Amino acid sequence: MVTVYYHPHFEKQVKKIKDGKVKQQIKQQIKQQIQKIIEEPETGKPMKFGRKGTRELYISPYRLSYLFEKNNDAVIRLSLYHKDEQ
């Protein structure tokens with residue numbers, strides 16, 4: 697069984713989203729994407745350089761960065777950021 701953890705930085709970023717309707721849509725999309733990650737952990741785009749080892753999924757208009765630990769069967773949500781703030 698795969699366990700999903702939240703990085704404290706991720707939680708802060710979600711709380712910063714002011715529009716309640718947008719926040720709810722993003723939370724729903726994240727739940728759907730997490731299901732995909734659990735089924736196929738390498739579904740996201742692999743990152744390079746300083747973020748090597750992490751993967752990223754596009755959740756309009758944000759990007760969800762995550763790390764899958766094979767040894768622990770764990771998904772860690774690292775960050776959520778707006779695509780214009782890359």
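Heads up, my numbering is the position in the sequence shown plus 696, with the first residue counted as 1. In this text, a Cβ means the ideal position worked out from N, Cα and C, and glycines have one as well. Quick caveat: nothing in here was measured; it's all calculated off a predicted structure.
- Under the three-state reduction of DSSP, Glu-765 is assigned to strand.
- Looking at Phe-764, Lys-748, Gly-746 and Gln-721, the one whose alpha-carbon comes closest to that of Lys-732 is Phe-764.
- For a cut-off of 8 Å, the C-beta gap from Lys-741 to Arg-751 is around 6 Å, short enough to register as a contact.
- Just so you know, the alpha carbons of Asn-767 and Gln-709 end up roughly 27 Å apart.
- Tyr-762 is classed as buried because its beta carbon has at least 16 other beta carbons within 10 Å across all chains shown.
- Taking the CA atoms as reference points, Leu-774 sits about 7 Å from His-705.
- Beta-bridge partners of Pro-757 (DSSP): none assigned.
- About 5 Å separates the CB atoms of Ile-772 and Tyr-701; that is less than 8 Å, so the two are in contact.
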